[in-house]
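Sequential numbering of the first sequence, starting at 5, is according to this note's numbering. Have a look at the structure below, then the notes.
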Amino acid sequence: MPIFALLDCNNFYVSCERVFNPALEGQPVVVLSNNDGCIIARSNEAKALGITMGEPYFKCKPLLDRHRVRVFSSNYALYGDMSQRVMEVLGRLEPEVEVYSIDEAFIRLPAAKEEGLRILGMDIRTSVRRQTGIPVSIGFGPTKTLAKLANRLAKKHPEHGGVFALLPESGIGSILKGVGAGEVWGIGSRSTRKLADHGIRTAYDLSRANETWIKKHLSITGVRTMHELQGVSCFPLEETPQPKHSIACSRSFGAPVTKLGEMHEAAVSYLTRAAEKLRQQQLKAGCLTLYLATNRFRTDQPQYANSRTMTLPCPTADTALLIEQASRCLKELFRPGYAYQKVGVVLTDLMSGHMHQPNLFSIPRRNRDPLLQALDRINQRWGKDTLQYASAGLSKPWHHKQAMKSPSYTTSWRELPVVLAS
DNA sequence: TCTGGGGTCCTAGGACCC
DNA sequence: TCTGGGGTCCTAGGACCC
């Protein structure tokens, strides 16, 4: 029986900041979401102060100030690049790896004894730490769900040295009795409540639950999770990433937007980003959705949210053509008199960029692929938005907040760290 | 004053077809 | 009063993940 491992970077975003700013070691550190909105990463010291995940920044700012917590805006250029380094190290060590998220990877291994796995886990940990500076934890189990759980336990109990194996020979059942059902991968807050109402409180209870009841209330995915807890693998390793079904880009505004002109600039900017992603993955979109919304937390203000989806005359990855359609959507959706907080675009009906299905009634256009390729190459070489569409605006008063961002140490020549010898 | 963003899967119900 | 049955496709909404 093969074994799964889950490697998870500890407090990933905080660890990335620490690699290039070692003075942050041992200090409480947090990283904020886009627009400096919520807490999305905390160092152990920050967790110990009682700062919770997802808490709005403005609400916990007094506490952060009081304890001199170091606060950072999110720096995705840095985190993305560090993630790639971690995955590269892992890829050199292990042949069967699935990159699951920015800070997690599953590994498939041949059957092994607990002691062998511990040694392997320690080796991987040491290599990743030495080659990237990022600390990681590793959990082993006969299924992905159990490996996830083992990883959680590795983090929760530091005495295991960041590596933990959950194997039949060490008695999975007794350990599952000490784990809440809501801590299981795939069981969110709604399902946790539903399960508790039915007397299912621990991971062990869930592994022994009535399958028909689970199917009815948690659907087929709940049944799979239940089987995985029993040690029956239902989620295979997926080494090759599946092509995307949708590509989206949206941001909250740094300050409320009331004018159609500013809204249009923002929409064009996000659409530009989405189209870049589309071309990067060699895809075309057949469908475009644009949505906008006021701030739903401001119940004292008039609320409005709406979206419009349109099928494109012809599938495309051409930013200019997408802008044309999105502008029409926006004109239909926009209502004056509201303080808008957000606009976003979603591209769907994605297909391979090599496929070509011309519209019978449209006049064939000149092939603009070389133009788009040149545009992407220039922006890649000289930095984001070196060339941009004029309709994205120049001063961008709506731009999201990012007041405490660290330098892009590894992805921008201008922001390279400087080392001084004394 | 200030509350993120991107993505997936599943199901139920309606529309439609023969 | 009494109004078929089986199938597919699409969409919206719910739930989950990081």
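Glycine residues also receive a C-beta, built at the ideal position from the N, C-alpha and C atoms. All of these numbers come straight from a predicted model, not from anything done at the bench.
| Check | Outcome |
| --- | --- |
| Per DSSP, cross-strand counterpart(s) of R46 | V34 |
| Beta-carbon proximity list for N39, same chain, < 6 Å, skipping 5 on both sides | S256, H404 and K405 |
| Inter-residue CB distance, C253 and G357 (contact presumed, cutoff 8 Å) | That belief does not hold up - the Cβ atoms of C253 and G357 are roughly 18 Å apart, past 8 Å. |
| Contact under 8 Å by Cβ, A185 with T216 | no |
| Stretch-stretch touch, CB-based, cutoff 8 Å, three pairs: the segment 165-173 with the segment 138-152 | yes |
| E266 and P401 closer than 8 Å at C-beta | yes |
| Cβ-Cβ separation, T229 to T149 (assumed contact under 8 Å), whole Å | 6 Å |
| Limits of the unbroken alpha helix (DSSP H) element including M91 | Y80 to L97 |
| Where D209 falls: helix, strand or coil (DSSP) | helix |
| Test item: CB-CB of T352 and H249 under 8 Å | yes |
| Those residues which DSSP pairs with R74 across a bridge | V33 |
| Test item: CB-CB of A271 and A309 under 8 Å | no |
| Neighbourhood of D322 by C-beta distance below 7 Å, restricted to the same chain and skipping five residues each side | R372 and L376 |
| For L379 and L391, the rounded distance between their alpha carbons | 7 Å |
| G258 in three-state terms, based on DSSP | strand |
| Buried/exposed call for W189, threshold 16 Cβ in 10 Å | buried |
| Three-state secondary structure (DSSP) of V423 | coil |
| Anticipated Cβ contact below 8 Å, G54 with I43, distance rounded | Actually they do not touch by this definition, with Cβ atoms about 12 Å apart. |
| Burial state of V423 (16 or more Cβ within 10 Å) | exposed |
| Boundaries of the beta strand (DSSP E) in which T313 is found, first to last residue | A309 to T320 |
| Buried or exposed (CB count within 10 angstroms, at least 16 for buried), Q345 | buried |
| For Q286, three-class secondary structure by DSSP | coil |
| Of the residues M91, S193 and E232, the one placed nearest L210, counting alpha carbons only | E232 |
| DSSP-derived helix/strand/coil call for L119 | According to the sequence shown, residue 119 is Glu rather than Leu. DSSP places E119 in helix when its eight states are reduced to three. |
| Residues sharing a beta bridge with K346, DSSP | S256 and A297 |
| Chain-order list of residues whose beta-carbon lies under 8 Å from that of E100 (same chain, five-residue window excluded) | I111, R112, L113, L241 and E243 |
| For P60, the three-state DSSP class (helix, strand or coil) | strand |
| Pick from R332, L11, V183 and C20 that is closest to Y80, judged by C-alpha positions | C20 |
| Cα-Cα separation between D127 and G120, rounded to whole angstroms | 11 Å |
| Same chain only: Cβ atoms within 6 Å of S395, ignoring 5 sequence neighbours per side | V272 |
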